[in-house]
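A.B. asks: For the sequence shown, my numbering gives the first residue as 356, with consecutive numbering after it.
Every residue gets a Cβ at the ideal spot worked out from N, C-alpha and C, and that includes glycine.
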Amino acid sequence: MLGDEAQLYHSLAARLEQTVRIQVHAPREVIEDACHHAWTQLINHGDRVNRDATFSWLATTAIRHAWKLNRRERRELSLEAAADELGELQIPSPSPGPPERLEFREQLGQLAELPERQRRFIWLRAAGLTYVEMAAYTGDTVRTVDRQIVRATERIRELEAGRLRAEQALERGRAHAGRQFDERRRSFEDRGLER
Numbered sequence: 356m357l358g359d360e361a362q363l364y365h366s367l368a369a370r371l372e373q374t375v376r377i378q379v380h381a382p383r384e385v386i387e388d389a390c391h392h393a394w395t396q397l398i399n400h401g402d403r404v405n406r407d408a409t410f411s412w413l414a415t416t417a418i419r420h421a422w423k424l425n426r427r428e429r430r431e432l433s434l435e436a437a438a439d440e441l442g443e444l445q446i447p448s449p450s451p452g453p454p455e456r457l458e459f460r461e462q463l464g465q466l467a468e469l470p471e472r473q474r475r476f477i478w479l480r481a482a483g484l485t486y487v488e489m490a491a492y493t494g495d496t497v498r499t500v501d502r503q504i505v506r507a508t509e510r511i512r513e514l515e516a517g518r519l520r521a522e523q524a525l526e527r528g529r530a531h532a533g534r535q536f537d538e539r540r541r542s543f544e545d546r547g548l549e550r
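1) Check whether the stretch 503 to 514 and the stretch 465 to 477 are in contact - that is, three or more C-beta pairs closer than 8 angstroms.
2) L469 lies in the alpha helix (DSSP H); which residues open and close that run?
3) Is the beta carbon of L479 closer than 8 angstroms to that of A507?
4) Would you call the CB atoms of A381 and A414 closer than 8 angstroms?
5) Taking 8 angstroms as the cut-off, decide whether the C-beta atoms of L363 and A389 are in contact.
6) Could you check which residue in R383, V385, A393 and V379 has the C-alpha nearest to that of L367?
7) Please report the distance separating the alpha-carbon of R520 from that of A481.
8) Can you check which of these residues, D537, V497 and E384, is closest to E428 by C-alpha distance?
9) Out of E360, D495 and I511, point me to the one whose CA is closest to G401's CA.
10) Rounded to whole angstroms, what is the Cα-Cα separation between T499 and T493?
11) My output table needs one value for L484: the three-state DSSP class, helix, strand or coil.
12) Just to confirm, are L525 and Q465 a CB contact at a threshold of 8 angstroms?
13) Express the C-alpha separation of E522 and R541 in angstroms, rounding to a whole number.
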């Protein structure tokens, strides 16, 4: 410890806060938190700080921490700030509706058509594992994991494209049947044969 930290605090606190405020453009709370952090660090690590360089050590520590806090504050969106900007927040329903459920079932059906090995890698990827973690878990190389996931993704895309072609063919068939029905009805009407 440096000795009498209370006396040091009374003599340097205002100057430290002013220095940090000049160096870092941030809200008052961030400046105060950064200064508090610097004083805490001084108390915890005071034996490593040169007595003559105490203020510059405090200032450097506080400024760096203020920058860190400022970056974090800009990166994280406050729900209160979002509510103020947007008015009322729309919280999505935790349960999907019927169209989403149908789509999920179709996607699960596509997964069922994959080979077991590829399906396992897709599930591990969906669980949030990295390629390195998947390789360690399965005993495969990272290259093998990458190849299997690429193949599975390509297969899922092929299945999706086939499903879309089938839907389009069904729609064309319905449109064709509708046109035939309209033609027959007009033909009956033209002949004077009404139902």
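C.D. replies: Here's the rundown:
1) yes
2) L469 -> no alpha helix (DSSP H), and no H or E assigned at all.
3) no
4) no
5) no
6) A393
7) 27 angstroms
8) E384
9) E360
10) 10 angstroms
11) coil
12) no
13) 28 angstroms
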